[in-house]
Amino acid sequence: MNVERSPSSLRNHITNVMVQPLKIGVIGGGLGGLAAACVLAARGHRVVLFEKNAWMGGKAAVLEEAGYRFDMGPTILTIPEVLRRIFAEAGRSLDDELDLVRLDPQWRCFYEDGAVLDLQANVDQMASTLERFSPGSSAGYRSFLTFSERMHSISDRFFFWKSVGGLRDMIDFKAGFQPKMLADILAMRMGRSVAGTVRKYVPEPRIAQMLDHFTQYVGSSPAGSPAVLCGIAHMQTAEGIWYPRGGTRAVPQALTRLAEDLGVDLRPGTGVRRLLVEGRRVTGLETDAGENIAFDRIVSNADSVRTHAELLDPQSPPAKRFRKRRTYEPACSGVVLYLGLDRAYDHLLHHNFVFSRDPEAEFHAIYQNGEPAPDPTCYVCAPARTEPEVAPAGGEALYVLVHAPYLRPHHVWKEMYPAYRQVILDKLARCAAMPDLESRIRFESYLTPQDIHDRYHVLDGAIYGLASHGKWVGAFKPANRSRDLEGLYLAGGSAHPGPGMPMALMSGWIAADTLDRDAPTNSLTPRPASPTMAGR
Ligand SMILES: Cc1cc2nc3c(=O)[nH]c(=O)nc-3n(C[C@H](O)[C@H](O)[C@H](O)COP(=O)(O)OP(=O)(O)OC[C@H]3O[C@@H](n4cnc5c(N)ncnc54)[C@H](O)[C@@H]3O)c2cc1C
Numbered sequence: 014m015n016v017e018r019s020p021s022s023l024r025n026h027i028t029n030v031m032v033q034p035l036k037i038g039v040i041g042g043g044l045g046g047l048a049a050a051c052v053l054a055a056r057g058h059r060v061v062l063f064e065k066n067a068w069m070g071g072k073a074a075v076l077e078e079a080g081y082r083f084d085m086g087p088t089i090l091t092i093p094e095v096l097r098r099i100f101a102e103a104g105r106s107l108d109d110e111l112d113l114v115r116l117d118p119q120w121r122c123f124y125e126d127g128a129v130l131d132l133q134a135n136v137d138q139m140a141s142t143l144e145r146f147s148p149g150s151s152a153g154y155r156s157f158l159t160f161s162e163r164m165h166s167i168s169d170r171f172f173f174w175k176s177v178g179g180l181r182d183m184i185d186f187k188a189g190f191q192p193k194m195l196a197d198i199l200a201m202r203m204g205r206s207v208a209g210t211v212r213k214y215v216p217e218p219r220i221a222q223m224l225d226h227f228t229q230y231v232g233s234s235p236a237g238s239p240a241v242l243c244g245i246a247h248m249q250t251a252e253g254i255w256y257p258r259g260g261t262r263a264v265p266q267a268l269t270r271l272a273e274d275l276g277v278d279l280r281p282g283t284g285v286r287r288l289l290v291e292g293r294r295v296t297g298l299e300t301d302a303g304e305n306i307a308f309d310r311i312v313s314n315a316d317s318v319r320t321h322a323e324l325l326d327p328q329s330p331p332a333k334r335f336r337k338r339r340t341y342e343p344a345c346s347g348v349v350l351y352l353g354l355d356r357a358y359d360h361l362l363h364h365n366f367v368f369s370r371d372p373e374a375e376f377h378a379i380y381q382n383g384e385p386a387p388d389p390t391c392y393v394c395a396p397a398r399t400e401p402e403v404a405p406a407g408g409e410a411l412y413v414l415v416h417a418p419y420l421r422p423h424h425v426w427k428e429m430y431p432a433y434r435q436v437i438l439d440k441l442a443r444c445a446a447m448p449d450l451e452s453r454i455r456f457e458s459y460l461t462p463q464d465i466h467d468r469y470h471v472l473d474g475a476i477y478g479l480a481s482h483g484k485w486v487g488a489f490k491p492a493n494r495s496r497d498l499e500g501l502y503l504a505g506g507s508a509h510p511g512p513g514m515p516m517a518l519m520s521g522w523i524a525a526d527t528l529d530r531d532a533p534t535n536s537l538t539p540r541p542a543s544p545t546m547a548g549r
């Protein structure tokens, strides 16, 4: 049966396209799963979303207690254009759904030697700041940003908004060889790392440490990540850092409202334990309660490695094919402290990094040795700077995140946590001018890598899906259209294009768009070309 897409009140931009609506199961209600569900429903498909937890949003969860409100997971929102694109699918404007506040300076950096440096979006202002901070460093910064802009542009053209699992998916070979393409590939400096590239432009160690830190957005070592990830710096400089009023939690809340409006059948508290497969095709799923439900297509927002290892029979051909293609390493995990304080700290910005003394030693501990860094970098979020309502009057809902290795068998965080908590609090007291911090705590909670693993059902406690390690293939994650099982699509931080709020959301959009384009249709008008960030 052919029906016209979308109820007229929610008609998306693709009008007059006739499709066979498919029955689609989405596993997981993280940002990627919610985004995929909304896009598919906006395009006229019937969607049921299964979420193991009682809440929607996955890691983008909230903790509200004793008058304090903490975003439990992501706090830094970049590239809101991705969200705009998802709401536009349903004819909605992002500005009506979320109140986004731009934050600039973007981060405040505290160093062990007492120096303080603000990261500013405006390149000229930043260059002047750097000249004062370390005379002679601004020219290198400008050159680094020019390189970063090129990487951003290459990502837009070849990497974003389509299902990519490797280099050959990036390039349209049918369009024929173009010299510009070769220039782009060479510019990517495949085989070079972020750390090496940053230092080529900016040798000053403290500025290099700041620029290295963009790889922490993907939970990976700057020394092990490919140079193309230098593009993240320009993405943030050009498109800004944003705070949704109500916290980052407002993002999944807005998506959940949209999904409900579009008729998605949301089933929180319903885990999925198995994919049903016939021949080479997925035909449905089995819930934890033992209910078998047939679907035309499945989108898995569960970790992509665990989807293949646990939701499929590990000895089945698709599971074996996935395993054989490549070994994926989990990204880093983290320890998060939620500290309800009876005072605020005026010298903090909304986002702050309190850097380690020796970044090489820090990253070596986390990413090579697989042990917590003895002197870690602490990311500190002070949201009352922007929204005082997160804490009782005059207080602060301080959030502290320290990256930690993904779980190893000998990590017993119940035993490790108390000593590590003290390392973190001492570091903040010493390097971020908060000597009275401990005495100002009125409420306290925390997550260890083990808690993150258990709560969000991730791979070995990873907070950013799969690591981007490997100077040649590190940027590639499993493609959104499964190569191993027909009818299976992957969305979320452990699928292409990777982790972080904007990328997980884009991943959901790509999974939905790819599925929709693969679906049998009777198009009266051609589908629109996929958007590129640069083209809008
Ligand atoms: C502490 C922390 C800080 C972070 N900081 C930032 C930040 O500042 N900025 C940023 O951009 N990103 C940040 N991130 C990363 C960001 O949160 C993630 O990349 C993003 O939210 C992942 O979205 P996802 O779509 O992969 O879904 P997830 O959030 O991983 O959700 C997947 C969902 O699938 C469900 N699920 C799994 N298996 C099943 C099953 N079998 N059946 C049913 N449901 C299942 C899970 O319960 C979960 O709810 C942070 C993450 C953490 C944890």
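Residue 549, in my numbering, is where the sequence shown stops; the numbers in between run on with no holes.
Cβ atoms here follow ideal geometry from the backbone N, Cα and C, with glycine treated the same way.
| Asked | Found |
| --- | --- |
| Tell me the rounded alpha-carbon separation between residue 23 and residue 387. | Since pLDDT at residue 23 reaches only 35, below the 50 mark, its modelled position is unreliable, and the value read off the structure follows with that caveat. The alpha-carbon atoms of residue 23 and residue 387 are separated by roughly 53 Å. |
| Would you call residue 559 buried or exposed, if buried means 16 or more other Cβ atoms sit within 10 Å of its Cβ? | For residue 559 there is no data in the structure shown, the boundaries of the chain being 14 and 549. |
| By a C-beta neighbour count over all protein chains shown, 10 Å radius and 16 as the cutoff for buried, is residue 485 buried or exposed? | exposed |
| Just checking residue 484 against ligand 1 - is the residue's beta carbon closer than 7 Å to any of the ligand's heavy atoms? | no |
| Given 8 Å as the limit, is there contact between the segment 231-250 and the segment 475-485, that is, 3 or more CB pairs closer than that? | yes |
| So, helix, strand or coil for residue 510, using DSSP? | coil |
| I believe residue 127 touches residue 505 by the beta-carbon criterion, under 8 Å. Please report the beta-carbon distance rounded to the nearest angstrom. | Not confirmed; about 41 Å, so no contact. |
| Start and end of the alpha helix (DSSP H) containing residue 334? | 330-338 |
| Counting along the chain, where does the beta strand (DSSP E) carrying residue 346 start and finish? | 346-354 |
| Do you know whose CA, among 407, 487, 476 and 54, lies nearest residue 80's CA? | 407 |
| Is it right to say residue 285 is buried, meaning 16 or more other beta carbons lie within 10 angstroms of its own, or is it exposed? | buried |
| Thinking just about the alpha-carbon of each residue, which of 205, 196 and 269 is nearest to the one in residue 550? | Here the chain has residues from 14 to 549 only, and residue 550 is not among them. |
| Residue 480 by DSSP, collapsed to three states: which one? | coil |
| Quick one: does the C-beta of residue 65 sit closer than 7 Å to a heavy atom of ligand 1? | yes |
| Residue 106 by DSSP, collapsed to three states: which one? | coil |
| Exposed or buried, what is residue 12 when buried is set at 16 or more other beta-carbons lying within 10 Å of its beta-carbon? | A question about residue 12 goes unanswered here, because the residues of the chain that appear run from 14 up to 549. |
| What is the rounded straight-line gap between the Cα of residue 77 and the Cα of residue 532? | 42 Å |
| Alpha carbon to alpha carbon, what distance is there between residue 487 and residue 309? | 32 Å |
| Look up residue 415 in the DSSP assignment and say whether it is helix, strand or coil. | strand |
| Ligand 1 and residue 44: does any heavy atom of the ligand fall closer than 7 Å to the residue's C-beta? | yes |
| Would residue 66 and residue 281 be called neighbours here (beta carbons separated by less than 8 Å)? | yes |
| Can you name the residues that DSSP bridges to residue 184? | Answer is none; residue 184 lacks a bridge partner. |
| For residue 337, count neighbouring C-beta atoms within 10 Å of its own C-beta (all shown protein chains included) and say buried if the count is 16 or more, exposed if not. | exposed |
| How about the segment 515-527 and the segment 81-95: do they share at least three Cβ pairs that are nearer than 8 Å? | yes |
| Which residues in the same chain have their Cβ closer than 8 Å to the Cβ of residue 178, if we skip the five residues on either side of it in sequence? | 489, 490, 491, 492, 496 and 509 |
| The alpha helix (DSSP H) with residue 207 in it runs from where to where? | 207-214 |
| Could you work out which residue in 473, 443, 466 and 163 is closest to residue 123 when comparing CA atoms only? | 443 |
| Judging by CA-CA distance, which residue of 147, 149 and 197 is the nearest neighbour of residue 162? | 197 |
| Starting from residue 143, follow the alpha helix (DSSP H) in both directions and report where the run begins and ends. | 136-146 |
| Residue 120 to residue 362, Cα distance in whole Å? | 7 Å |
| Closest to residue 375 by CA distance: which of 416, 330, 200 and 253 is it? | 416 |
| When DSSP builds the beta bridges, which residues end up paired with residue 91? | 254 |
| Do residue 84 and residue 262 have their C-beta atoms closer together than 8 Å? | yes |
| CB-CB under 8 Å to residue 464, same chain, minus the five flanking residues each way: which ones, in chain order? | 426 |
| How far does the beta strand (DSSP E) with residue 174 in it reach, from first residue to last? | Unbroken run through residue 174: none, as it is neither H nor E. |
| Report yes or no: do three or more beta-carbon pairs, one from the segment 225-233 and one from the segment 204-214, lie closer than 8 Å? | yes |
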